[in-house]
């Protein structure tokens, strides 16, 4: 990289914003170009299903940095511009306005997009998904007009939006394909705790049911399921997951499999091309296998780690991952990544809705979920990072300090 290098970041989201911030804070003085399909500066998405959706947080408070920061740090913004392709041999990022940005190193932080709804009637008005600021604005405006809400999906986004719309006075029915909410992440026993919390707030669940079609004349009026249930509604919000935006590397030798494949240091198989955030399928050194993680904390930390490695740090990104979910007056925190487990060890009480759940695989703590016990969850990160077998009885014992247990 003779002369003044150019670093390009494709994705002006939280990951891209964190990378740009880190590059300048770490002393990168070259040309820095931040390319984003949205017209907004990098912003935080978690408030979109919570405080921002409820109208409690103003828009300016969700931005990662104020507008002045980008000018002061000489970050070249190409917002409202979609990157259409990457040419690693000519070191070009092609843009939808016909322009191209030359780079010496590039970070792909294109994130993901909502899975497309393919049910009959999906094109009716009144059916929404949540991903962007504009999506949150549209859902809030529709909810404020009143009426009944059908929520499709009982994952974290679905349940957070449900809690937020309940606070706006809406009556809500949830349709979920699995037998309990949050089944794949937390398991049926703990998922049932969240079901009970929502039922206590008057939420109706239709579990083990798939959407068959949406009904309405011009605008949605009902959702039909494969079990013959008809849910009348004036508004539908669907939270059915996202898929990674990998199209930018199509036609290149960059490897893709459920995201863009990167090594421990966020490097792709092509020199000087990095990837981070929702789009990156990362070879995680702690868990010993690949992970593609869609959490706020990962977007922030992985973007920063990728930026340092673009500058030559060569540091493996080994964060054990952490996220949270606020629903009504309840706070869930989770550290680790447990795709499968042999045993769930509980500290505390499910009935009292105050507990820490340790997800063990082959005796090793792979994930820790805590309801109303965030401090203990954070103290468990060392257990996850250590990757060593732990005595389940000591995990259950409220008198055992989790930090000291991790140290041993």
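Residue numbers (this note's numbering): 10 to 417.
Glycine included, each C-beta is placed from N, C-alpha and C at the ideal position.
Backbone CA spacing between residue 266 and residue 18 [nearest angstrom]: 21 Å
Whole angstroms is fine: what's the gap from residue 318's alpha carbon to residue 151's? 44 Å
So, residue 92 versus residue 316, is the Cβ gap smaller than 8 Å? no
Could you check what DSSP says for residue 18 in three-state terms: helix, strand or coil? strand
Span separating the alpha-carbon of residue 90 from that of residue 22: 13 Å
Under 8 Å, do residue 365 and residue 385 count as touching if we go by C-beta distance? yes
So the beta strand (DSSP E) residue 318 belongs to, where does it begin and stop? Element bounds for residue 318: not the beta strand (DSSP E) but the alpha helix (DSSP H), 305-319.
In the DSSP output, which residue or residues are listed as bridge partners for residue 82? Paired residue(s): none; residue 82 is not in a bridge.
Burial state of residue 153, where buried means 16 or more other Cβ atoms lie within 10 Å: exposed
Apply the 10 Å Cβ neighbour rule to residue 291 and answer buried if 16 or more other Cβ atoms are within range, or exposed otherwise. buried
Environment of residue 59 [buried if 16+ CB atoms lie within 10 Å]: buried
Report buried or exposed for residue 26, applying the criterion of at least 16 other Cβ atoms within 10 angstroms of its Cβ. buried
Closest to residue 329 by CA distance: which of 298, 246, 337 is it? 298
With DSSP as the reference, label residue 23 as helix, strand or coil. helix
Enumerated in chain order, which unbroken segments of the beta strand (DSSP E) with a length of 3 residues or greater are wholly contained in the segment 29-91? 40-45, 84-88
Three-way DSSP call (helix, strand, coil) for residue 377 in this model: strand
Pairs of beta-carbons, one from the segment 177-189 and one from the segment 154-161, closer than 8 Å: are there three or more? yes
Can you name the start and end residues of the beta strand (DSSP E) that residue 207 belongs to? First-last for residue 207: 197-209, but that is the alpha helix (DSSP H), not the beta strand (DSSP E).
Please classify residue 304 as buried or exposed, where buried requires at least 16 other C-beta atoms within 10 Å of its C-beta. buried
On the premise that residue 204 lies in contact with residue 226, defined as a C-beta separation below 8 Å, what is that separation, rounded to the nearest angstrom? At roughly 33 Å, the Cβ-Cβ gap does not stay under 8 Å, so residue 226 and residue 204 are not in contact.
According to DSSP, is residue 418 part of a helix, a strand, or is it coil? Coverage of the chain is limited to positions 10 through 417, which leaves residue 418 absent and any answer about it impossible.
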